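One structure is given here, and the rest of the page talks about it.
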Amino acid sequence: MRASFCIVLFLLVGVHPLPSSRRTFLQKASALSLLYTAQRALPQSSMACMHMGGIHNPQQMAPTPTPNPPRIGPRMLPTLALAPFVDALPLPEVVRPTLQNGHRSLTITMQEIRAKVHRDVAPTRWWSYGPDPLSPLIEARSGQPIQIRWVNNLPTKHFLPIDYSLHGCGHDVPDVRTTTHLHGAKTASKDDGYPEDWFTRGQSRVCTYPLQQDATALWYHDHAMGLTRLNTYAGLFGMFLIRDHVEDALHLPSGKYEVPLIFYDRNFGVDGQIFYDVSGDPENPWIPEFSADGILINGKIRPYFEVEPRLYRFRLLNTANSRFFLLSLSNGQPLTQIGSDQGLLPSPVDLKRLVLGCAERADILIDFSQLAGQTLHLRTSAFDILEFRVAKQTAAPVTMASIPKTLRTIERIPESAATTTRTIALYDYKDNVERSMVMLINRKRWHDPVTETPKLNSTEIWEFINLTEDTHPMHLHLVRFQVLDRRPFYTSVYRQNQNKPTYTAPAVPPEPNELGWKDTVQCPPGTVTRIIVRFEGFTGKYLYHCHILEHESNDMMRPFEVIA
4 MRASFCIVLF LLVGVHPLPS SRRTFLQKAS ALSLLYTAQR ALPQSSMACM HMGGIHNPQQ
64 MAPTPTPNPP RIGPRMLPTL ALAPFVDALP LPEVVRPTLQ NGHRSLTITM QEIRAKVHRD
124 VAPTRWWSYG PDPLSPLIEA RSGQPIQIRW VNNLPTKHFL PIDYSLHGCG HDVPDVRTTT
184 HLHGAKTASK DDGYPEDWFT RGQSRVCTYP LQQDATALWY HDHAMGLTRL NTYAGLFGMF
244 LIRDHVEDAL HLPSGKYEVP LIFYDRNFGV DGQIFYDVSG DPENPWIPEF SADGILINGK
304 IRPYFEVEPR LYRFRLLNTA NSRFFLLSLS NGQPLTQIGS DQGLLPSPVD LKRLVLGCAE
364 RADILIDFSQ LAGQTLHLRT SAFDILEFRV AKQTAAPVTM ASIPKTLRTI ERIPESAATT
424 TRTIALYDYK DNVERSMVML INRKRWHDPV TETPKLNSTE IWEFINLTED THPMHLHLVR
484 FQVLDRRPFY TSVYRQNQNK PTYTAPAVPP EPNELGWKDT VQCPPGTVTR IIVRFEGFTG
544 KYLYHCHILE HESNDMMRPF EVIA
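Heads up, the numbering used here is the position in the sequence shown plus 3, with the first residue counted as 1.
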């Protein structure tokens, strides 16, 4: 059964130009969910029997782990059998700061709510940054600082399975704790949502965001040490749009013609409650990734959206824990990408398929003007996830927006500007039956001393050397960067000498839709991915990590400190 499933899946997905791996293959092929669902049993054991990349640690030996204990869980909801496109696409409430005591301010409250994800599913318990399952979309202007009071009004008991063995997640700290990170913001360390700077129910934290950055789509989410993957899965995330005069001058679709699309996946029990899988070992329930059958957009499973026959702007955000989305339109029409993580691209890029990794954003245009009265779908791989129902005519005569030829001037940073090149090696340590046990950066854990200390206003090249089988979406806090290139290398040779990569092919420049400013970069397996970054704005302690949240929690996350 599994062999025939893989053949069908290969035919559905096709070949992607970046190097493949077992997890990128599964992440980018949501057709997996249509054909086969495997409940993984990945029990943890001590690090004594771990090895790195197939090479056992010669200093430690351990007996073969005992068989997996049976997993006990709820009866699962067959989300793939639910009627598609029966719920309208919800849109988040838009909130803007108001003047309070001389400051542009907002108060955002985290709370538990219940809401339906589908017409035929019972209400689901969620955690949200507001009274609705879709957290408010915050909108502000570049150069106009705002203060946000983040209030924790969550329960004191978590409803998802905590792994108390993870760093910062022991029985000596509260089960429910939060800290909010504004992903992509250039802000002071004390306001960045540092993982150890968490707070509990009844407490709040005021953070100042200078917004000295270009128009773009940021997003906010929980970043509490050891709990990020669970708190985000529970629903703690939302979108944040920054506007500026450059964007204004382009006269892009706006108002009801600019639509946020927030993608994520969840599994549900038959009672409608979300289910997060575990290893089967109650002492170590962590699993290395989580891809679910239910694909949600803006809080609904496979919704529909009514559009007019005209140009629309869609602000895409992937908040999934582990899943990559491989997006395209069912009629073969291209997606026109005009922006990425940190704002507008130099010029539009037409794409037949858009790979959206965890935490990445994409600003795209879709022209429905020639599709009056038709229906088409947005899909991930071969699976339709959103239905567009195009009206026969526009609601009223309007000045039709057009696609600009140029968007924003972006000067490429010359490599000669870099004063330091840092090697960031990504490791996946496994036990002797190939189960991932811990994932490290440069063989160091979160709590090890800081090793990356860039100077304020310096420029550095960071090269991510991926020794694992996975594509890692690597994110740096505080900064924006540019992608330089990617180059395949011999992982086995590097493991032996751990000195310098032996390359197998020439370097490949970034894709056209990667030529803007980024804060998260896809690092394929067996590849050196290089970025160039200027550390500006603030000194202090920040962090960088893989944005597959299961990897980040165990322990592919490290601090860095910007020094004067």
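The C-beta atom is built at its ideal place from N, Cα and C for all residues, glycine as well.
This one's a predicted model, so the numbers in the text were calculated from it and none came from an experiment.
Taking all protein chains shown into account, Leu102 has fewer than 16 neighbouring C-beta atoms within 10 Å of its C-beta and is therefore exposed. Counting the other Cβ atoms within 10 Å of the Cβ of Pro512 gives fewer than 16, which makes it exposed. Inside the region 465-533, DSSP marks whole alpha helix (DSSP H) runs of 4 or more residues at positions 494-500, from first to last along the chain. The Cβ atoms of His226 and His450 do not sit closer than 8 Å to each other. About 7 Å separates the Cβ atoms of Leu481 and Gly540, confirming a contact at the 8 Å cut-off.
Straight through space, the alpha carbons of Ile116 and Trp129 are spaced by roughly 5 Å. Rounded to the nearest angstrom, the gap between the Cα atoms of Pro452 and Asn445 is 12 Å. Apart from sequence neighbours up to five positions away, the residues of its chain that approach Leu264 with a beta-carbon distance below 6 Å are Ile300, Phe317, Leu319, ordered along the chain.
Under the rule that a run must span 4 or more residues, no alpha helix (DSSP H) segment is found entirely inside the region 88-112.
The DSSP-derived three-state label of His248 is helix. Taking the C-beta atoms as reference points, Thr203 is found nearer than 8 Å to Pro177. DSSP places Arg232 in the uninterrupted alpha helix (DSSP H) bounded by 231-237. Beta-bridge partners assigned by DSSP to Ser331: Arg382. When secondary structure is reduced to three states using DSSP, Thr424 falls in the strand class. When the beta-carbon positions are compared, Pro476 and Gln525 come within less than 8 Å of each other. Uninterrupted beta strand (DSSP E) stretches at least 3 residues long and entirely within the region 278-349 occur at 297-300, 307-310, 314-321, 328-332, 338-343, given in chain order.
By the neighbour-count criterion, in which 16 or more other beta carbons inside 10 Å mark a residue as buried, Pro81 falls on the exposed side. Rounded to the nearest angstrom, the Cβ distance from Gln345 to Arg483 is 4 Å, consistent with a contact under 8 Å.
Excluding five sequence positions before and after Thr378, the CB atoms of its chain that fall closer than 6 Å to its own CB belong to Arg392, given in chain order.
For Leu357, no alpha helix (DSSP H) encloses it; the enclosing beta strand (DSSP E) starts and ends at 357-359. With a 10 Å radius around the Cβ and a threshold of 16 neighbouring Cβ atoms, Asn334 comes out exposed. The beta carbons of Leu185 and Tyr167 sit no closer together than 8 Å. For the pair Met440 and Tyr430, the Cα-to-Cα distance works out to about 11 Å.
The alpha-carbon of Asp558 is positioned some 19 Å away from that of His174. Boundaries of the beta strand (DSSP E) harbouring Leu368: 364-370, taken from the DSSP string.
Among the bridge pairs identified by DSSP, Gln150 is matched with Ser108, Thr211. In terms of Cα proximity to Gln501, the closest of Pro527, Ile468, Lys303 is Ile468.
Scanning its chain for C-beta atoms nearer than 7 Å, with the 5 sequence neighbours on each side dropped, one finds around Pro504 the residues Ile468, Phe492, Tyr497, Val531, in chain order.
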